[in-house]
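Asks:
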Amino acid sequence: MATEENSEGLVFHPMDQFIVKPLFGEAGDPVHWYTITNVTLWMFLTIVAISALLVLGTRGRAVIPTKIQSVAELAYGFIYKMVEDVAGRDAVRFFPYVFTLFMFIVMSNFLGLLPTAFTTTSHLAVTVILALGVFLTVTITGFVLHGSKFLGLFWVSSAPLAIRPVLAIIEVISYFVRPVSHSIRLMGNMMAGHAVIKVFAAFAPLVLLSGIGVLVTPLSILAITAMYALETLVAFIQAYVFTILTCVYLKDALHPSH
Numbered sequence: 000m001a002t003e004e005n006s007e008g009l010v011f012h013p014m015d016q017f018i019v020k021p022l023f024g025e026a027g028d029p030v031h032w033y034t035i036t037n038v039t040l041w042m043f044l045t046i047v048a049i050s051a052l053l054v055l056g057t058r059g060r061a062v063i064p065t066k067i068q069s070v071a072e073l074a075y076g077f078i079y080k081m082v083e084d085v086a087g088r089d090a091v092r093f094f095p096y097v098f099t100l101f102m103f104i105v106m107s108n109f110l111g112l113l114p115t116a117f118t119t120t121s122h123l124a125v126t127v128i129l130a131l132g133v134f135l136t137v138t139i140t141g142f143v144l145h146g147s148k149f150l151g152l153f154w155v156s157s158a159p160l161a162i163r164p165v166l167a168i169i170e171v172i173s174y175f176v177r178p179v180s181h182s183i184r185l186m187g188n189m190m191a192g193h194a195v196i197k198v199f200a201a202f203a204p205l206v207l208l209s210g211i212g213v214l215v216t217p218l219s220i221l222a223i224t225a226m227y228a229l230e231t232l233v234a235f236i237q238a239y240v241f242t243i244l245t246c247v248y249l250k251d252a253l254h255p256s257h
């Protein structure tokens, strides 16, 4: 009987935190496209948090900025400089879009670190939409600005003529794989970190179940603390990587020739 209790006490499901659940109704109710879920809630809270940061940060416009104004100005300047340096001066017209992407992702990532929060960027459905938005923006912009010359992106003119067709096929495949890697990278990193934290958290109550728990529990708490610090860094880095790749893709749309 004690064994059954112990085994039940050790049961944990680290992936349960990623289940999409309706906010209203029964837990087992089906989720439709119009259902308000925990994903919907945390997306809404992300938008509220971004709006509050930018509105409150720019409302005073003090010569000596407050902390919140400093954060808002730092984010603005950081992304503006990134767009200008990576994609070129003529890409500044896309700054509002790139800035919106960065703020949404980084705020979603940081809010997902709160206890009982839901990390929206850990779901492929969310990251795929973001990546497809970038892919369509880049592709449409490339053809609108350059027409058929945009296809020069896939023709490596600096390579020997004999291998150019092979390289063109590789370039086309890599181009259409972009939204896949763009979305999976963000989703995978956010999901993996939260799952590992949940695994370590499952070992914390062992002190209540067995003698070895006196040793395991402190180690698990240290591991959780270390992983949480790492996830805080990853939350920013993944937003940065997604944004800088967006700038690289925009550069291809604006300057498609090899």
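For what it's worth, numbering that gives the first Met the number 0 labels the leading residue of the sequence shown as 0, then goes sequentially.
In this text, a Cβ means the ideal position worked out from N, Cα and C, and glycines have one as well.
Owing to the predicted nature of the structure, the values given are computational and were not obtained by experimental measurement.
Can you list, in chain order, the residues of its chain whose CB lies under 7 Å from that of R177, leaving out five sequence neighbours each side?
Replies: If we look at R177 and ignore the five residues flanking it on each side, its Cβ neighbours are F134, Y248.
Asks: Restricting to Cα atoms, I'd like to know which of A51, Q16, L52 is closest to N37.
Replies: Nearest to N37 by C-alpha distance, out of A51, Q16, L52, is Q16.
Asks: I need the DSSP call for T57, collapsed to helix, strand or coil.
Replies: helix
Asks: Just checking: is the beta-carbon of G151 within a distance shorter than 9 Å of some beta-carbon in chain B?
Replies: Absent from the structure: chain B. Only one protein chain is present.
Asks: For the alpha helix (DSSP H) containing M186, list its first residue and its last residue.
Replies: 163-202
Asks: Whole angstroms is fine: what's the gap from F109's alpha carbon to V213's?
Replies: 32 Å
Asks: Excluding five sequence neighbours on each side, which residues of the same chain lie with their C-beta closer than 6 Å to the C-beta of Q237?
Replies: Within its own chain, the residues whose Cβ lies closer than 6 Å to the Cβ of Q237, once the five positions on either side in sequence are excluded, are L185, N188, listed in chain order.
Asks: For the alpha helix (DSSP H) holding S69, just list the boundary residues, first then last.
Replies: 66-86
Asks: To the nearest angstrom, how far is it from the Cα of E83 to the Cα of H181?
Replies: 21 Å
Asks: So, for A203: in the same chain, excluding its five sequence neighbours on each side, which residues have a beta-carbon less than 7 Å away from its beta-carbon?
Replies: For A203, same chain residues with a beta-carbon under 7 Å away, outside a window of 5 residues either side, are T216, S219, I220 in chain order.
Asks: Nearest-angstrom Cα distance between P330 and I196?
Replies: Any property of residue 330 remains undetermined from this structure, which presents the chain solely from 0 to 257.
Asks: I need the DSSP call for E4, collapsed to helix, strand or coil.
Replies: Note that E4 scores 41 on pLDDT, short of 50, meaning its location in the model is unreliable and no value can be drawn from it.
Asks: Using the rule of at least 16 other Cβ atoms within 10 Å of the residue's Cβ for burial, across every protein chain shown, is S156 buried or exposed?
Replies: exposed
Asks: Checking 9 Å against the spacing of the C-beta atoms, do Y227 and L112 come in under that value?
Replies: The criterion of a C-beta distance shorter than 9 Å is satisfied by Y227 and L112.
Asks: With which residues is T120 paired in a DSSP beta bridge?
Replies: Per DSSP, none; premise fails for T120.
Asks: Taking C-alpha atoms, which residue in A167, H145, F94, G146 lies nearest to K80?
Replies: F94
Asks: If I follow the unbroken alpha helix (DSSP H) through S107, where does it start and stop?
Replies: 94-110
Asks: So, for M190: in the same chain, excluding its five sequence neighbours on each side, which residues have a beta-carbon less than 7 Å away from its beta-carbon?
Replies: F17, S121
Asks: Which whole-angstrom value describes the C-beta separation of L52 and I67, a residue pair presumed to lie in contact below a C-beta threshold of 8 Å?
Replies: In this structure L52 touches I67 by the C-beta definition: roughly 7 Å separates them, less than 8 Å.
Asks: To the nearest angstrom, report how far apart A225 and V198 are at their CA atoms.
Replies: 13 Å
Asks: Between V85 and K250, how many whole angstroms is the CB-CB distance? I'm expecting something under 8 Å.
Replies: 6 Å
Asks: In the structure shown, what three-state DSSP assignment does P217 receive?
Replies: helix
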